[in-house]
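Student: In mature numbering (1 follows the signal peptide of the UniProt record, and there is no 0), the protein residues as written are 13 to 296.
To start, I am sharing the structure in question, which I have written as structure tokens.
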Ligand code: PHE
Ligand code: CA
Ligand code: ZN
Ligand code: ZN
Ligand code: ZN
């Protein structure tokens, strides 16, 4: 699997920070900062060689957008999806929540296309709007899939907060195959993991899971407090939140742990690679 250069992920984060700076300090629902984020992701995913579209919807009387980017596989009857939410809260620029997942997926998309121009199955990325109002964009996307479109989706991997400044390494337990695949990567790099319990049902994988689609993902922690045992195995500071700037104005480009961002990005790349080999290879 391609190793993701953390500098390429950070370059996207710098752009999200700049977008917020130029648009009143945030990238939230209905804002010019959100629209600029959509335009940035569309341009980057197009440049990476994906077919890009946007889907608009309303949330709380405001217009928002999902961005979809697709790379057709040898077998187009199956689609693996990866996603992250592109909106921030209105309090700040949302660089960790969820600029980090959005940027990691952009970097993974580009590296993946460069290494495997025709995947075994179709790869589709989603950048969701209005997650912060209750996963409105991802819900809209899933609820507007036809039965045939839904049946093509073999699974969905979600990345919401992967660069937390006092990081943990949490793996979703929703699907046993995806759980073991992601754990396999962290075992290769000797990083211990724990099962994600802070936010189950609180991010964009929930609408997919509720529709009967297998889901997985990784997470570096939000406002739960790191224990002494967790600081022992992961470093960082016990007694402090994984992300003390969660949903605050200080969730800026300095609110990122580069090692966490790098490891989670590499884990995403590893999982996507394994899931898109020759069409005959089994999915976990
Ligand atoms: N979805 C939450 C938010 O954006 C954060 C979160 C991510 C919680 C992943 C749990 C798991 O605020
Ligand atoms: Ca890397
Ligand atoms: Zn949030
Ligand atoms: Zn989030
Ligand atoms: Zn509708």
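Cβ atoms here follow ideal geometry from the backbone N, Cα and C, with glycine treated the same way.
Go through its chain and collect everything with a Cβ distance to residue 160's Cβ below 8 Å, but skip five positions before and after it.
Tutor: Residue 160 sits at position 148 when you count from the first residue of the chain shown. None.
Student: Taking DSSP as the reference, what is the three-state secondary structure of residue 168?
Tutor: In the chain shown, counting from the first residue as 1, residue 168 sits at position 156. Strand at residue 168.
Student: Flag residue 255 as yes when its Cβ comes closer than 8 Å to any non-hydrogen atom of ligand 4, and as no otherwise.
Tutor: Walking along the chain shown from the start, residue 255 turns up at place 243. No, Cβ of residue 255 sits at least 8 Å from all heavy atoms of ligand 4.
Student: Would you kindly work out how many angstroms separate the C-alpha atoms of residue 175 and residue 290, rounded to a whole number?
Tutor: For the purposes of this step, residue 175 is taken as the residue at position 163 of the chain shown. For the purposes of this step, residue 290 is taken as the residue at position 278 of the chain shown. Approximately 31 Å between the Cα atoms of the pair.
Student: Three Cβ pairs or more, each shorter than 8 Å: is that satisfied between the segment 131-140 and the segment 244-253?
Tutor: Touching, no.
Student: Closest to residue 241 by C-alpha separation, out of 255, 250, 72 and 209, would be which residue?
Tutor: For the purposes of this step, residue 241 is taken as residue 229 along the chain shown, with counting starting at 1. Comparing Cα positions, the closest option is 250.
Student: Pick from 52, 223, 50 and 53: whose alpha carbon is nearest that of residue 164?
Tutor: Reading the chain shown from its first residue, position 152 is the one you call residue 164. Cα-wise, what sits closest to residue 164 is 223.
Student: What is the chain-ordered set of residues for which the beta carbon lies under 7 Å from any non-hydrogen atom of ligand 2?
Tutor: Checking every Cβ against the heavy atoms of ligand 2 under 7 Å gives 15, 16, 17, 18, 274, 277 and 278.
Student: Output the distance between the C-alpha atoms of residue 66 and residue 53, rounded to the nearest integer angstrom.
Tutor: If you number the chain shown from 1, residue 66 lands on position 54. If you number the chain shown from 1, residue 53 lands on position 41. The alpha-carbon atoms of residue 66 and residue 53 are separated by roughly 10 Å.
Student: Residue 87: beta carbon under 8 Å from a heavy atom of ligand 4?
Tutor: As a working mapping, residue 87 is identified with position 75 in the chain shown. It does not: the Cβ of residue 87 is nowhere closer than 8 Å to a heavy atom of ligand 4.
Student: In this structure, how does DSSP classify residue 200 when only helix, strand and coil are distinguished?
Tutor: Sequence index remark: in the chain shown, residue 200 carries index 188 (1-based). Three-state result, residue 200: helix.
Student: So if DSSP puts residue 77 in a beta bridge, which residue, or which two residues, is it bridged to?
Tutor: Residue mapping note: residue 77 aligns to position 65 of the chain shown, counting from 1. Its beta-bridge partners are 68.
Student: Find the nearest neighbour of residue 170 within the set 185, 179 and 177, judged by alpha-carbon distance.
Tutor: Taking the first residue of the chain shown as position 1, residue 170 is located at position 158. Out of 185, 179 and 177, 185 has the C-alpha closest to the C-alpha of residue 170.
Student: Looking at C-alpha atoms only, which residue of 286, 166, 268 and 288 is the closest neighbour of residue 113?
Tutor: By one-based count along the chain shown, residue 113 stands at place 101. Nearest of 286, 166, 268 and 288 to residue 113, Cα basis: 268.
Student: With C-beta atoms as the reference, is residue 24 less than 9 Å away from residue 96?
Tutor: Numbered from its first residue, the chain shown carries residue 24 at position 12. Numbered from its first residue, the chain shown carries residue 96 at position 84. Cβ atoms of residue 24 and residue 96: not closer than 9 Å.
Student: Can you determine whether any heavy atom of ligand 1 sits closer than 8 Å to the C-beta of residue 212, and answer yes or no?
Tutor: Counted from its first residue, the chain shown places residue 212 at position 200. Under cutoff, so the answer is yes.
Student: Run the CB neighbour count on residue 156, radius 10 Å, all protein chains shown included, and call it buried at 16 or more, exposed below.
Tutor: As a working mapping, residue 156 is identified with position 144 in the chain shown. It is exposed - the Cβ of residue 156 has fewer than 16 other Cβ atoms within 10 Å.
Student: Do the segment 251-258 and the segment 87-95 make contact, defined as three or more Cβ pairs closer than 8 Å?
Tutor: No: the two stretches stay apart, fewer than three of their Cβ pairs being nearer than 8 Å.
Student: Kindly indicate which three-state DSSP category residue 32 falls into: helix, strand or coil?
Tutor: Here residue 32 refers to the residue found at position 20 of the chain shown. Residue state, collapsed to three classes: helix.
Student: Please confirm if the segment 45-52 is in contact with the segment 27-37, defined as three or more CB-CB distances below 8 Å between the two stretches.
Tutor: Yes, they touch.
Student: Just how far apart, CA to CA, sit residue 266 and residue 13?
Tutor: By 1-based counting over the chain shown, the position of residue 266 is 254. By 1-based counting over the chain shown, the position of residue 13 is 1. Approximately 28 Å, taken between the alpha carbons.
Student: For residue 207, count neighbouring Cβ atoms within 10 angstroms of its own Cβ and tell me buried if that reaches 16, exposed if not.
Tutor: If you number the chain shown from 1, residue 207 lands on position 195. Exposed, by the Cβ-count rule.
Student: Quick check: is any heavy atom of ligand 1 less than 8 Å from the C-beta of residue 231?
Tutor: Position 219 of the chain shown, counted from the start, is the residue given in the question as residue 231. Within the cutoff, so yes.
Student: Taking the alpha helix (DSSP H) that residue 53 falls in, what are its first and last residues?
Tutor: As a position in the chain shown, residue 53 is number 41, starting the count at 1. Counting along the chain, the alpha helix (DSSP H) containing residue 53 begins and ends at 44-59.
Student: Are residue 77 and residue 149 close, meaning C-beta to C-beta below 9 Å?
Tutor: Taking the first residue of the chain shown as position 1, residue 77 is located at position 65. Taking the first residue of the chain shown as position 1, residue 149 is located at position 137. Yes, they are a contact pair.
Student: Between residue 183 and residue 231, what straight-line distance do the alpha-carbon atoms span, to the nearest angstrom?
Tutor: Taking the chain shown and counting its residues from 1, the one referred to as residue 183 is at position 171. Taking the chain shown and counting its residues from 1, the one referred to as residue 231 is at position 219. Going by the C-alpha atoms only, they are around 7 Å apart.
Student: In chain order, what residues have a CB nearer than 5 Å to some heavy atom of ligand 4?
Tutor: Going by the Cβ distance cut-off, the answer is 109, 110 and 172.
Student: Please state whether DSSP places residue 205 in a helix, a strand or coil.
Tutor: Stepping through the chain shown from its first residue, residue 205 is reached at position 193. Coil at residue 205, not helix or strand.
Student: Give the single residue among 213, 41, 110 and 121 whose Cα lies nearest to the Cα of residue 74.
Tutor: Counting from one through the chain shown, the residue named residue 74 turns up at place 62. Nearest C-alpha to residue 74: 41.
Student: What does residue 41 pair with, by DSSP beta-bridge criteria?
Tutor: Locating residue 41 in the chain shown gives position 29, counting from the first residue. Residue 41 is not bridged to any residue.
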